[in-house]
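A.B. asks: Convert by adding 2 to the 1-based position in the sequence shown; the result is the number in the numbering used here.
The structure under discussion is supplied below as structure tokens; questions concerning it will follow.
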Amino acid sequence: MNRIERTIVKETERVIKVARSIYPMGTREIVVVPKLLDYRYAALASFRVKTIWFNTMYCNTKNLDLFISELIPHEVAHLVSDFVYPDAKHIHGKEWKEVCTELGGIPKQWIKGLVHH
Ligand SMILES: [Zn+2]
């Protein structure tokens, strides 16, 4: 892992730790992978395999701030809200917005210049 990848993984693990202190996640693990090979996305979260991928090809010095302030809490909130609110109707619905805010993120669906899910 290069320096940016390590920074992204470390920050994501920190946000997951914050989530564990707030929400009853039990022993459920979230895997963080800093190499996403699909160039179309800056980040993806999978409910099925409980994994978040980040595409560090999108991460330059300018974008690193955006990854940390918006993209990381956004993606972690997806998996945490799936654990806590499995019956939520919309992936960017009120449950996700609440979790994203609690994790220090900005609860909006789109992040300028970064395509993600
Ligand atoms: Zn999303």
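All C-beta atoms, glycine included, are put in the ideal place defined by N, C-alpha and C.
Just so you know, these numbers come straight off a predicted model, no measurement behind them.
#1: Express the C-alpha separation of I18 and L105 in angstroms, rounding to a whole number.
#2: If distances are taken between C-alpha atoms only, which option among M3, N62 and H76 comes closest to W112?
#3: Does the beta carbon of H92 fall short of 8 angstroms from some heavy atom of ligand 1?
#4: When the Cα of P109 is compared with those of R22, H118, F56 and G95, which residue comes out closest?
#5: Kindly indicate the opening and closing residues of the alpha helix (DSSP H) around I18.
#6: Specify, as a first and last residue, the run of the beta strand (DSSP E) that S48 falls within.
#7: DSSP has F56 in a bridge; who is on the other side?
#8: Note down, in chain order, each residue of its chain lying with its Cβ closer than 8 angstroms to the Cβ of E15, except the 5 sequence neighbours on either side.
C.D. replies: Checking against the coordinates, here is how it stands:
#1: For the purposes of this step, residue 105 is identified with residue 103 of the sequence shown, where counting begins at 1. For the purposes of this step, residue 18 is identified with residue 16 of the sequence shown, where counting begins at 1. C-alpha separation (whole angstroms): 9 angstroms.
#2: Taking the sequence shown and counting its residues from 1, one reaches residue 112 at position 110. Ranking the options by Cα distance to W112, first place goes to H76.
#3: Taking the first residue of the sequence shown as 1, we reach residue 92 at position 90. Not under cutoff, so the answer is no.
#4: Numbered from 1 along the sequence shown, position 107 holds the residue referred to as residue 109. Out of R22, H118, F56 and G95, G95 has the C-alpha closest to the C-alpha of P109.
#5: Residue mapping note: residue 18 aligns to position 16 of the sequence shown, counting from 1. It spans R5 to I24 - the alpha helix (DSSP H) in which I18 sits, taken as one unbroken run.
#6: The residue labelled residue 48 in the question sits at position 46 within the sequence shown. From DSSP, the beta strand (DSSP E) with S48 extends over A45 to S48.
#7: Taking the sequence shown and counting its residues from 1, the one referred to as residue 56 is at position 54. Answer by DSSP bridge pairing, in chain order: A45.
#8: Within the sequence shown, numbered from 1, the residue matching residue 15 stands at position 13. Contacts found: V34.
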